[in-house]
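Asks: Sharing a structure below in structure tokens format, with a few things to ask.
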């Protein structure tokens, strides 16, 4: 006994395709080379410079995007790197403050010295602290998505899409609360899958 994959809206199965296949056929990665030209300054003056870089670009159709398994996970490595770079001035001013604090010839009152250095170092550290906060938020978000994918992948991969009428459906009951044999829009399909994974409101 086979699974009935006829569309609940139009009653045909000739244009029905599984959701992972729709997602895969709607995503294309193009590899190529980009060429750049410019002018550089050398000891002999200005010289023309030509270079190339290997590139890869991924293009997705709007249908493929609407049937995504999960939201895109954004990296936090560059934020941490820039946060560390922006922390260097604050650390330098902290070292200067420590050296000046131990100077026996200092004439600045202690309270003024501490408040001034605290304000200066806090101001210098604010950009790096902000970048670290964003990076930790992204890491928590990515972790939540990764945990939810294991639950939502079975629900997502069991779905079908009818190219004739533009609706998604599950041909059989896959999990509690998942409507079987009911036509739903791709956006609602994605919402149901993302709710099952626990990352719909991220």
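Residue numbers (the numbering used here): 113 to 314.
Just so you know, even glycine gets a beta-carbon here, dropped at the ideal spot from N, CA and C.
Output the distance between the C-alpha atoms of residue 282 and residue 291, rounded to the nearest integer angstrom.
Replies: One C-alpha to the other measures close to 7 Å.
Asks: Between the alpha carbons of residue 212 and residue 261, how many angstroms are there, rounded?
Replies: Across the structure, residue 212 and residue 261 are spaced so that their CA atoms are roughly 54 Å apart.
Asks: Compute the Euclidean distance between the alpha carbons of residue 91 and residue 235, then round it to the nearest angstrom.
Replies: Because the chain in this structure spans residues 113 to 314, residue 91 falls outside the shown range and cannot be described.
Asks: Starting from residue 272, trace the beta strand (DSSP E) in both directions and tell me its first and last residue.
Replies: Looking at the DSSP string, the run of the beta strand (DSSP E) that includes residue 272 is 272-274.
Asks: My output table needs one value for residue 130: the three-state DSSP class, helix, strand or coil.
Replies: strand
Asks: Quick check on residue 187: buried or exposed, where buried means 16 or more other Cβ atoms within 10 Å of its Cβ?
Replies: exposed
Asks: Would you kindly report the start and end of the unbroken beta strand (DSSP E) that includes residue 164?
Replies: Secondary structure note for residue 164: its beta strand (DSSP E) is the uninterrupted segment 157-172.
Asks: Closer than 6 Å by C-beta to residue 233: which residues in its own chain qualify, once you throw out the five before and the five after it? Chain order, please.
Replies: 202, 205, 206
Asks: Drop a sphere of 10 angstroms on the beta-carbon of residue 285, count the other beta-carbons inside from all chains shown, and report buried for 16 or more, exposed for fewer.
Replies: exposed
Asks: If you pair each beta-carbon of the segment 143-150 with each one of the segment 180-196, do three or more pairs fall below 8 Å?
Replies: Touching, no.
Asks: Kindly give me the distance between the Cβ atoms of residue 311 and residue 271, rounded to whole angstroms, as I take these residues to be in contact under 8 Å.
Replies: Actually they do not touch by this definition, with Cβ atoms about 17 Å apart.
Asks: At the level of alpha carbons, what is the spacing between residue 180 and residue 243?
Replies: 28 Å
Asks: Would you grab the beta carbon distance between residue 267 and residue 287 for me? Rounded to a whole angstrom, and I think it's under 8 Å.
Replies: Between residue 267 and residue 287 a beta carbon distance of about 6 Å is seen, short of the 8 Å cut, so the two are scored as contacting.
Asks: Report the rounded CA-to-CA distance for residue 228 versus residue 221, giving the unit in angstroms.
Replies: Approximately 11 Å, taken between the alpha carbons.
Asks: For a minimum of 3 consecutive residues, which ranges assigned as the beta strand (DSSP E) are wholly contained in the segment 269-304?
Replies: 272-274, 279-281
Asks: Check whether the segment 161-181 and the segment 126-138 are in contact - that is, three or more C-beta pairs closer than 8 Å.
Replies: yes
Asks: Considering only their Cβ atoms, is the gap separating residue 191 from residue 246 smaller than 7 Å?
Replies: yes
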